[in-house]
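Working notes for the structure below.
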Amino acid sequence: MLIRTVVSPLLGTNCYVVADDAARCLVVDPGAGVVDEVRQVVDESGWTPVAVLVTHGHVDHTWSAAELCGAYGVALHLHEADLPQVADPFGALGPLGGQLAQTAASAGMQYDPAGRVEPFTCAEAGAGAARADLDLGDREAPFAVAALHAPGHTAGSTVYVLEDGTALTGDVLFAGTIGRTDLPGGDGAAMERTLGHLATLPEETVLLPGHGPSSSIGAELRSNPYLRTAR
C-alpha cells in the first residue's frame with residue numbers, strides 16, 4: 001500500500017490517498033480545499049481512483065467529496081448511520097455548524113453535496129468482530145479495505161483497515177486524545193465501548209487519524225489516557 005496525505009486548510013483535516021499494487025486508489029476524508037492537490041497526487045502517480053470514503057459524515061471530512069466523485073466518476077461511501085450528516089452538513093453540527101459555515105463563506109469556500117452516495121453497514125469494532133470487506137472497484141479483484149463500525153464521535157463513525165493492517169481512525173482516536181462526543185450524534189458510552197474494542201488491536205497497528213500526526217496502538221496504550229483506561 002502507498003499512502004499520501006493532503007491536509008485541508010480548513011480545520012486541518014487529513015485526507016488520505018491510498019493506492020494498492022494495481023495502481024488503484026481510494027480518497028479518504030476529502031476536506032475543504034484539497035481537490036487540486038489530490039488531483040495532482042493522483043495524476044503524478046498514475047493512479048486510478050475507485051471510490052471516495054469518509055470515516056464519518058462531518059462536513060470537514062466530506063467537503064470535497066462531490067467534486068472528486070464527479071471528477072473521477074465514483075461514489076461516496078459511508079456508514080448509513082451518518083447519512084443525515086451528509087444531507088444537512090451544517091445543521092447536523094448544531095451551533096458549531098453555523099460558525100463553520102460563516103468561516104467557510106468568508107474564505108470563499110462553497111459546499112456541494114455529493115450526488116452518488118452508497119451507504120454501507122458493518123460490524124462494530126471488537127475482538128473477533130468480522131471486518132466488512134467493502135465492495136470497491138473491480139468485483140473480481142476488489143480493493144482490499146475493510147470497515148469496522150466505531151460509533152461515539154458520530155453514530156456512523158467507521159475505522160477503515162487496510163490490507164497491511166494500517167487503521168484510518170477518523171475522529172475516533174487521535175495521537176494523545178480522542179474525538180469529542182458532545183456534538184449532535186455523539187455518544188460518550190458508545191465511544192468508551194469503541195475505544196475498548198480498538199485497544200485490542202495489535203500494538204503494531206499504525207493509526208492514521210482524521211487530524212494531527214500518525215501513531216500506533218502501542219504508543220497510544222502507553223501515552224493516551226483515554227485508550228489506556230478503556231482497555
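Take 1 as the starting number for the sequence shown in full-length UniProt numbering and just add one per residue.
For glycine and all other residues, C-beta sits at the position ideal for the given N, C-alpha and C.
In the DSSP assignment, P113 is bridged to no other residue. Counting only unbroken stretches of 3 or more residues, the beta strand (DSSP E) elements lying wholly within the region 122-188 are 145-149, 158-162, 167-170, in sequence order. Under the DSSP assignment, A219 falls outside any beta strand (DSSP E), being part of the alpha helix (DSSP H) whose first and last residues are 217-223. For A167, the CB contacts under 6 Å within the same chain, skipping 5 residues up- and downstream, are V159, V161, T205, L207 in chain order. In this structure, P142 lies away from A66, with their beta-carbon atoms at least 9 Å apart. Taking all protein chains in view, the Cβ of D21 is surrounded by fewer than 16 other Cβ atoms within 10 Å, so the residue is classified as exposed. E192 has no beta-bridge partner at all, per DSSP. In its chain, beyond the 5 residues on either side, no residue has a beta carbon closer than 7 Å to the beta carbon of G108. A straight line joining the alpha-carbon of S45 with that of L11 spans about 27 Å. The DSSP-derived three-state label of L207 is strand.
Collapsing the DSSP output to three states places P95 in a helix.
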